[in-house]
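These notes concern the structure reproduced below.
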Amino acid sequence: MSIRHGAFIVFAILLLASLLNTGIISYSQLQTDKQFGQLQRANHTLRQADLLISSLKDAETGQRGFLLTQNPSYLQPYFDGIATSRAYYDELTKLTQDTPNQVSKLQNVKKLIEKKLAELDQTIALSKQGKHEEALTVVNADHGKQFMASIRTEMESFIQREQALLVAQTRNYENMKKRVKLISLLTGAVVILLVITGAYILNRLAVMPLSKLLAKIEGFGTDKDEPAAAVKGFKEIARLSEAFDDADRKILNALNESRHAAKVAQDANRAKGDFLSNMSHEIRNPLNGIYGILQLLSKNEQLDSEARDLLSKAVYSTKSLGFIINDILDFSKIESRALRLEEMPFSFDQIVAQTQSEIGALAKEKSVKITSKPLAKDVDGWLGDPTRVKQILLNLLSNGVKFAKGGRVDINAWTEHLDGKIHLCFSVDDNGVGMDQETLSRLFNRFEQASASTSRRFGGSGLGLAITKALVEMMDGSIEVTSEIHKGTSVKVRLPLEHSDIQSPTQDLTGQIDAPSLEGKNILLVEDNDINQVVFESMMEQTGADIKVAVNGRQGIEFIEQSIPDLVFMDIFMPEMGGIEACQLIKEKYPNLPIVALTANVMEHEVRHYEEVGFDGCLGKPLDWNQLNLCLNRYFS
1 MSIRHGAFIV
11 FAILLLASLL
21 NTGIISYSQL
31 QTDKQFGQLQ
41 RANHTLRQAD
51 LLISSLKDAE
61 TGQRGFLLTQ
71 NPSYLQPYFD
81 GIATSRAYYD
91 ELTKLTQDTP
101 NQVSKLQNVK
111 KLIEKKLAEL
121 DQTIALSKQG
131 KHEEALTVVN
141 ADHGKQFMAS
151 IRTEMESFIQ
161 REQALLVAQT
171 RNYENMKKRV
181 KLISLLTGAV
191 VILLVITGAY
201 ILNRLAVMPL
211 SKLLAKIEGF
221 GTDKDEPAAA
231 VKGFKEIARL
241 SEAFDDADRK
251 ILNALNESRH
261 AAKVAQDANR
271 AKGDFLSNMS
281 HEIRNPLNGI
291 YGILQLLSKN
301 EQLDSEARDL
311 LSKAVYSTKS
321 LGFIINDILD
331 FSKIESRALR
341 LEEMPFSFDQ
351 IVAQTQSEIG
361 ALAKEKSVKI
371 TSKPLAKDVD
381 GWLGDPTRVK
391 QILLNLLSNG
401 VKFAKGGRVD
411 INAWTEHLDG
421 KIHLCFSVDD
431 NGVGMDQETL
441 SRLFNRFEQA
451 SASTSRRFGG
461 SGLGLAITKA
471 LVEMMDGSIE
481 VTSEIHKGTS
491 VKVRLPLEHS
501 DIQSPTQDLT
511 GQIDAPSLEG
521 KNILLVEDND
531 INQVVFESMM
541 EQTGADIKVA
551 VNGRQGIEFI
561 EQSIPDLVFM
571 DIFMPEMGGI
581 EACQLIKEKY
591 PNLPIVALTA
601 NVMEHEVRHY
611 EEVGFDGCLG
621 KPLDWNQLNL
631 CLNRYFS
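Reading the sequence shown from the start, the letters are residues 1 to 637 in full-length UniProt numbering.
Here it is as structure tokens:
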């Protein structure tokens with residue numbers, strides 16, 4: 001059966017049910033209305049009969065009043081009574097025209113009424129002529145009284161007949177209501193049966209097949225191996241099911257191929273992440289040696305100004321290389337959605353100061369002046385990820401300095417209340433080369449810069465702004481860029497961070513942190529790289545501490561068992577026994593011995609893992625002298 005035929009049958013059933021229901025209800029209503037009309041007519045007839053008697057009495061009362069007082073005012077009720085009695089009689093005649101017995105009685109009543117009215121007219125006419133005695137004689141003859149008694153007798157018979165009719169009609173009306181109710185129930189049952197029949201047909205041939213087809217569609221791609229049963233119903237639905245089954249097979253084959261390709265891509269992405277992580281470790285180790293030696297050389301007071309300038313540039317280049325490595329790792333984490341934001345109190349002004357200090361060498365090289373407008377101290381306390389906020393500012397400031405050669409870069413900070421939340425807002429404005437609208441439209445694309453020659457002129461990997469935008473969006477913030485060729489660029493950032501009344505205890509790292517005096521203190525370094533050992537020992541030389549070096553975790557444990565040091569610095573990846581295993585074994589026996597991780601793997605989840613296994617702190621490679629001194633001050637304050 002086709003959908004057209006099925007729809008026609010269902011429509012015909014529903015139409016038949018509707019017509020049947022409407023016809024029976026209409027007929028029942030007409031019969032009920034007819035019975036109700038007869039009831040109303042009977043009641044109205046009885047009221048008119050009472051009013052007829054009352055009108056005759058009014059006419060008789062008016063006659064007597066006039067005869068006794070000769071006052072013409074009594075004639076008005078008389079005339080009104082005559083007029084209304086005739087009107088009521090005419091109304092009764094119309095109401096009873098279908099009842100022969102009642103019509104006959106009314107004809108008798110009419111004759112009596114005419115005689116009564118004639119007697120009344122005669123007495124009033126005699127009285128008006130001054131023949132009062134004759135008028136009273138007519139009254140005393142009691143003909144009018146006899147007429148009135150006859151009228152009452154006839155009307156009582158009339159009323160009794162009408163009352164009997166009223167009782168019968170009331171009974172008929174009640175019976176009709178019961179029949180209508182019964183008919184309505186039966187009709188409703190028939191209609192319901194017809195509707196159920198139509199619904200059954202529709203359900204059998206349309207709803208159930210469509211449900212099965214929908215189940216097929218919903219089950220698509222769920223790796224169900226068992227074939228779905230054929231869908232039966234309207235011809236069109238069956239054909240649709242067959243077409244879907246055919247498409248399902250084709251799409252499932254394509255889906256399996258795409259899943260395989262996705263798995264290959266995921267494996268490649270995972271391999272890329274592992275490769276980047278391993279490369280980060282391998283690059284940071286030699287970078288740690290370079291950066292450490294450069295820091296040691298910078299302490300040489302015998303260097304002339306030219307040598308110091310070259311050394312400062314070398315230190316900045318080393319830091320820049322570290323930033324590039326961080327950008328690559330961060331971008332990899334953002335792509336794989338592995339980047340997680342921290343939440344801790346911090347001061348934005350301190351971040352600005354640290355960022356200015358780190359970018360100082362580049363600004364000096366480019367002859368760029370950096371100015372900053374700090375936040376009010378009573379509002380400069382925030383809850384968020386200070387590392388990522390600093391990364392955003394550092395990327396923007398680095399770009400501003402690169403493109404504002406010989407100019408200036410301004411850092412402005414303020415707060416705004418938007419959508420019921422307080423926002424940390426800051427802008428980085430430069431008076432550099434500027435950009436056109438086409439360049440702005442692709443500014444945040446990865447691996448892209450303002451133009452093909454930009455990278456050659458100003459340097460950069462093209463990842464910084466892409467990472468910046470991703471970090472801002474992760475914080476539910478917004479970033480807005482306006483620029484004009486040859487006039488400069490302004491970048492505004494708004495971050496909806498919670499305000500913290502307690503400002504961050506972040507240490508100010510813009511200046512040199514003095515190393516503590518550690519005479520008589522024993523420090524153990526567990527590190528397998530010779531250059532890193534030399535750098536660490538050289539940095540620790542000014543503290544006066546006694547330094548022992550172990551080349552792996554197992555040797556480190558042996559040294560501790562011979563003599564417990566005051567502090568342990570431990571690399572993570574070493575031969576024979578790594579730092580994590582060694583830390584766990586040491587903490588089992590010496591839980592109060594502080595151990596600080598020295599590692600090139602400083603991703604957030606890795607640092608959290610170090611803390612979970614027992615490390616008391618973590619210093620990243622390449623090792624920064626200020627960070628090392630800050631760590632020493634923490635444990636030996």
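Yeah, the Cβ is synthetic: ideal placement off N, Cα and C, and Gly gets one too.
Check                                                                                                          : Outcome
Where the alpha helix (DSSP H) containing residue 96 begins and where it ends                                  : Careful: residue 96 lies outside any alpha helix (DSSP H) and carries neither H nor E.
Beta-bridge pairing of residue 426 - partner residues as DSSP gives them                                       : 413, 493
Distance between residue 382 and residue 505 (C-alpha atoms, nearest Å)                                        : Any answer about residue 505 is weak, because its pLDDT of 47 lies below 50 and its placement is not dependable; what the coordinates show is given next. Cα to Cα, the separation comes out at about 12 Å.
Proximity winner among 324, 327, 298, relative to residue 313 (alpha-carbon distances)                         : 298
Counted within 10 angstroms of its Cβ, other Cβ atoms place residue 69 as buried (16 or more) or exposed       : exposed
Counted within 10 angstroms of its Cβ, other Cβ atoms place residue 601 as buried (16 or more) or exposed      : buried
Closest by C-alpha distance to residue 445, when choosing among 351, 431, 470, 485                             : 470
Proximal residues to residue 333 (C-beta, below 6 Å), its chain only, five neighbours per side dropped         : 339
7 Å CB neighbourhood of residue 625 in its chain, flanking five on each side removed                           : 295, 539
Sequence-distant residues of its chain with Cβ nearer than 7 Å to residue 458 (five each side left out)        : Summary for residue 458: the model assigns pLDDT 39, below 50, so the residue's position carries little reliability; its value from the coordinates is reported in the next sentence. Around residue 458: 402, 403.
Three CB pairs or more closer than 8 Å across the stretch 513-526 and the stretch 427-440                      : no
Per DSSP, the bridge partner or partners of residue 569                                                        : 525, 596
Per DSSP, the bridge partner or partners of residue 382                                                        : 346, 499
Residue interval of the beta strand (DSSP E) (run including residue 484)                                       : 478-484
Three-state secondary structure (DSSP) of residue 617                                                          : strand
Minimum C-alpha distance to residue 546 - residue among 532, 595, 565                                          : 565
Ranges of the alpha helix (DSSP H) found wholly within the stretch 132-187, counting only runs of at least 4   : 132-140
Stretch-stretch touch, CB-based, cutoff 8 Å, three pairs: the stretch 177-196 with the stretch 19-33           : yes
Contact set for residue 250: own chain, Cβ-Cβ below 6 Å, skip 5 residues either direction                      : none
Ranges of the alpha helix (DSSP H) found wholly within the stretch 543-569, counting only runs of at least 4   : 553-562
Under 7 Å between C-beta atoms of residue 651 and residue 431                                                  : Residue 651 lies beyond the range of the chain shown here (1 to 637); nothing can be said about it.
Buried versus exposed call for residue 209 [16 or more other C-beta atoms within 10 Å across all chains shown] : buried
Coarse secondary structure for residue 47, derived from DSSP in three states                                   : helix
Secondary structure of residue 370, DSSP reduced to three states                                               : strand
Residue 396 beta carbon less than 7 Å from that of residue 491                                                 : yes
Limits of the alpha helix (DSSP H) - the one that residue 536 falls within                                     : 530-540
Bridge partner(s) assigned by DSSP for residue 421                                                             : 418
Through-space distance from residue 316 to residue 419, alpha-carbon basis                                     : 41 Å
Close Cβ partners of residue 557 (< 7 Å) along its chain, the five nearest in sequence each way excluded       : 582, 585, 586
Coil, strand or helix - residue 638 by DSSP                                                                    : One cannot answer for residue 638 here, as it falls past the ends of the chain, which runs 1 to 637.
Alpha-carbon spacing of residue 549 relative to residue 359, whole angstroms                                   : 35 Å
Reduced DSSP secondary structure (H/G/I, E/B, other) of residue 21                                             : helix
Of the listed residues 24, 468, 201, nearest to residue 13 (C-alpha basis)                                     : 201
Start-to-end residues for the alpha helix (DSSP H) that takes in residue 584                                   : 579-589
Collapsed DSSP secondary structure at residue 259 in the structure displayed                                   : helix
Alpha-carbon spacing of residue 461 relative to residue 591, whole angstroms                                   : Its pLDDT being 49, under 50, residue 461 is placed unreliably in this model, and the value from its coordinates should be taken loosely. Approximately 45 Å, taken between the alpha carbons.
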